[in-house]
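There are 2 protein chains.
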Amino acid sequence: MKRTSMEGAVCPVARSLDVIGDWWSLLIVRDAQYGLRRFGEFQKSLGVAKNILAQRLKHLVDHGILETQPASDGSAWQEYVLTEKGRSLFPILVALGQWGQEHCFEEGEPRTRVLDKAHGQPVKPLEVRAADGRVLTVQDVRLDRPATQG
Amino acid sequence: MKRTSMEGAVCPVARSLDVIGDWWSLLIVRDAQYGLRRFGEFQKSLGVAKNILAQRLKHLVDHGILETQPASDGSAWQEYVLTEKGRSLFPILVALGQWGQEHCFEEGEPRTRVLDKAHGQPVKPLEVRAADGRVLTVQDVRLDRPATQG
Numbered sequence: 084m085k086r087t088s089m090e091g092a093v094c095p096v097a098r099s100l101d102v103i104g105d106w107w108s109l110l111i112v113r114d115a116q117y118g119l120r121r122f123g124e125f126q127k128s129l130g131v132a133k134n135i136l137a138q139r140l141k142h143l144v145d146h147g148i149l150e151t152q153p154a155s156d157g158s159a160w161q162e163y164v165l166t167e168k169g170r171s172l173f174p175i176l177v178a179l180g181q182w183g184q185e186h187c188f189e190e191g192e193p194r195t196r197v198l199d200k201a202h203g204q205p206v207k208p209l210e211v212r213a214a215d216g217r218v219l220t221v222q223d224v225r226l227d228r229p230a231t232q233g
Numbered sequence: 084m085k086r087t088s089m090e091g092a093v094c095p096v097a098r099s100l101d102v103i104g105d106w107w108s109l110l111i112v113r114d115a116q117y118g119l120r121r122f123g124e125f126q127k128s129l130g131v132a133k134n135i136l137a138q139r140l141k142h143l144v145d146h147g148i149l150e151t152q153p154a155s156d157g158s159a160w161q162e163y164v165l166t167e168k169g170r171s172l173f174p175i176l177v178a179l180g181q182w183g184q185e186h187c188f189e190e191g192e193p194r195t196r197v198l199d200k201a202h203g204q205p206v207k208p209l210e211v212r213a214a215d216g217r218v219l220t221v222q223d224v225r226l227d228r229p230a231t232q233g
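Note that the protein sequences, when read in sequence, are chains A and B.
Counting from 84, one number per residue, gives the positions in the first sequence under our numbering.
Counting from 84, one number per residue, gives the positions in the second sequence under our numbering.
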C-alpha cells in the first residue's frame with residue numbers, strides 16, 4: 084500500500100512520521116540506540132525480511148537519521164550509526180516505551196526497561212510542561228495553525 | 084503487506100507500535116485530541132480513503148484508544164472520542180511534533196504549534212529525566228532486558 088506523502092504538511096507530527104518512515108524504522112532506531120550496528124544484527128533483533136530491512140536502512144540514511152561507516156573492527160562490513168538527528172529521536176522512543184509499559188503489559192509480565200546508567204533507576208515518566216513549568220495535559224493546550232497560504 | 088505482530092514482545096516500544104497500529108492511527112489520535120469526532124471530519128482532515136479510515140477507527144476502538152458514542156447533537160451520527168488510554172498518548176504526539184519542528188522544517192516555514200491555553204506560549208521541549216531530576220540523553224541510559232523464559 085502506497086502511503087500518501089505528508090512532507091508538505093504544516094503539522095510537525097505528520098512530517099516526523101513521513102521522515103521516520105514506518106514502524107520498522109523506529110525499531111531500527113531503537114536498536115541502534117542500544118548499540119546494534121550491522122545489517123545482520125538488526126535482522127536478528129527484528130526478525131524482518133532482508134529486503135524490507137535494506138529498504139528501511141536506506142530510508143533512514145537518505146533522511147539523515149543513520150549514517151554508514153566502515154566496520155569498527157576493520158572487516159569489510161558496513162556499519163550504521165545514528166546521526167545527531169537520529170539520536171534526538173530519543174524522547175519519542177521513551178514516550179512510546181512508557182505508554183507501552185503502562186497500557187500494554189499485565190502486571191508482573193516481563194518487559195525491557197530503560198535505566199539511568201548512573202544509578203540504575205528507571206527514567207521518570209515524561210511530562211509535557213508549559214514555559215512556566217506547569218504540567219500540561221491535552222486539555223490544557225490548543226493548536227495554533229498557520230494562516231492558509233493564498 | 085502483513086506486518087508481524089509484536090504483541091508478545093518484551094519491548095514496550097514494540098507493543099505500543101502494535102497497539103497503536105500505524106501512522107494513520109496516530110494522526111487520527113492527533114485529530115481527536117484537538118476535537119474532531121466524526122468519520123467525515125477525520126476523512127476531510129486526513130484525506131485518507133474511507134475503507135482505510137474505517138479500518139483504523141475500528142482498530143483504535145478495538146484497542147481501547149477510542150470509544151464510540153452517540154452524536155452530541157442528537158443526530159444519527161456516531162462520534163469517536165478518546166478514552167483515558169488514548170489521551171495518555173499525548174506525550175508521544177508532543178515528542179513527534181517537537182522532533183518534526185526541529186528537523187523537518189526550513190526556518191520560517193509555516194507550521195502548526197501546540198500552545199499552552201493559559202498563556203499562549205509553546206510547550207517546553209520534552210526532556211528525559213532520571214529519578215533524581217538529571218536530564219538524560221540516550222548515552223546516559225541502558226536497557227535492562229528480562230531474563231529469557233526457560
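Ideal Cβ placement from N, Cα and C applies to all residues, glycine included.
Within 8 Å of any Cβ in chain B, is that where the Cβ of residue i sits?
i, result
"glycine 175 of chain A", "Inspection of the sequence shows that residue 175 of chain A is occupied by isoleucine rather than by glycine. Cβ-Cβ to chain B under 8 Å: yes for isoleucine 175 of chain A."
"tryptophan 160 of chain A", "no"
"proline 193 of chain A", "yes"
"arginine 121 of chain A", "no"
"lysine 200 of chain A", "yes"
"proline 95 of chain A", "yes"
"glycine 233 of chain A", "Low confidence applies to glycine 233 of chain A: its pLDDT is 37, below 50, so where it sits in the model is not reliable enough to give any reading."
"lysine 85 of chain A", "Confidence at lysine 85 of chain A is low in this model, with a pLDDT of 40, below 50, so its placement is unreliable and no value can be given for it."
Is residue i helix, strand or coil when you go by DSSP?
i, result
"valine 177 of chain B", "helix"
"valine 102 of chain A", "helix"
"valine 211 of chain B", "coil"
"aspartate 227 of chain B", "strand"
"valine 218 of chain B", "strand"
"valine 96 of chain B", "helix"
Could you tell me whether any Cβ in chain A is nearer than 8 Å to the Cβ of residue i?
i, result
"arginine 139 of chain B", "no"
"histidine 142 of chain B", "no"
"leucine 100 of chain B", "yes"
Rounded to the nearest angstrom, what separates residue i and residue j at their Cα positions?
i, j, result
"cysteine 94 of chain B", "arginine 194 of chain A", "6 Å"
"aspartate 101 of chain A", "arginine 121 of chain A", "24 Å"
"arginine 228 of chain B", "arginine 170 of chain A", "21 Å"
"aspartate 199 of chain A", "alanine 132 of chain B", "44 Å"
"arginine 196 of chain A", "proline 153 of chain B", "40 Å"
"alanine 92 of chain B", "isoleucine 135 of chain B", "26 Å"
"leucine 165 of chain B", "glutamine 116 of chain A", "32 Å"
"valine 274 of chain A", "proline 205 of chain B", "Absent from the structure is residue 274 of chain A, since the part of chain A shown begins at 84 and ends at 233."
"threonine 220 of chain B", "leucine 129 of chain B", "34 Å"
"glutamine 126 of chain A", "aspartate 105 of chain A", "16 Å"
Secondary structure, beta strand (DSSP E): runs of 3+ residues fully inside the stretch 106-172 of chain A | Complete beta strand (DSSP E) runs here, min 3: 149-153 and 161-165.
Residues from the stretch 164-190 of chain B in contact with chain A, defined by Cβ distance under 9 Å | Result list: Leu165, Lys168, Arg170, Ser171, Leu172, Phe173, Pro174, Ile175, Leu176, Val177, Ala178, Leu179, Gly180, Gln181, Trp182, Gly183, Gln184, Glu185, His186, Cys187 and Phe188.
Interface residues of the stretch 207-223 of chain A facing chain B [CB-CB below 9 Å] = Of all residues in the stretch 207-223 of chain A, Lys207, Pro208, Leu209, Glu210, Val211, Arg212, Ala213, Ala214, Asp215, Gly216, Arg217, Leu219, Thr220, Val221, Gln222 and Asp223 have a Cβ within less than 9 Å of some Cβ in chain B.
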